[in-house]
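Take a look at the structure below.
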Amino acid sequence: GGSADQKATMEALHSAQGFVRGELGRRIRLRYTPEITFKLDHSISRGSKLLALMKEVEEKGGGHDG
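Counted from 1, the sequence shown has number 11 at position 14 by the numbering used here; the numbering is strictly sequential.
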C-alpha cells in the first residue's frame, strides 16, 4: 500500500504489540516472552524496482545471453 496505509498499519501493530506478545507467550508456553517489535520490510519494493531496471536494460539490448 501507500505511505498512509503503511503508517496506519504500523500504528495498529504498535497498539496491538502487548496483546500479540501475550498471545504468543500463552500459545507457545514460554516463561518469558521476548519483546516484540514490528518494522516495515521494504525488500519487496526494492526487488520490484530492481527487476524493472533489469527488464529495462534487457529491452534496450544490454542484456547478456547465458
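Glycine included, every Cβ here is placed at the ideal spot set by N, Cα and C.
Every value quoted in this text rests on a predicted model; they were computed, and no experiment measured them.
Unbroken alpha helix (DSSP H) run spanning GLU56, endpoints: Taking the first residue of the sequence shown as position 1, residue 56 is located at position 59. It spans 40 to 56 - the alpha helix (DSSP H) in which GLU56 sits, taken as one unbroken run.
Proximity of LEU21 and THR34 at Cβ, strictly below 7 Å: In the sequence shown, the residue the question calls residue 21 occupies position 24. In the sequence shown, the residue the question calls residue 34 occupies position 37. By the CB criterion at 7 Å, LEU21 and THR34 fall outside the cutoff.
Extent of the continuous alpha helix (DSSP H) run through ARG24: Indexing the sequence shown from 1 puts residue 24 at position 27. Taken as a continuous stretch (DSSP letters only), the alpha helix (DSSP H) holding ARG24 covers 14 to 24.
Between the CA atoms of ARG23 and PHE16 - distance to the nearest angstrom: Within the sequence shown, the letter at position 19 stands for residue 16. Within the sequence shown, the letter at position 26 stands for residue 23. PHE16 and ARG23 have their alpha carbons spaced roughly 11 Å apart.
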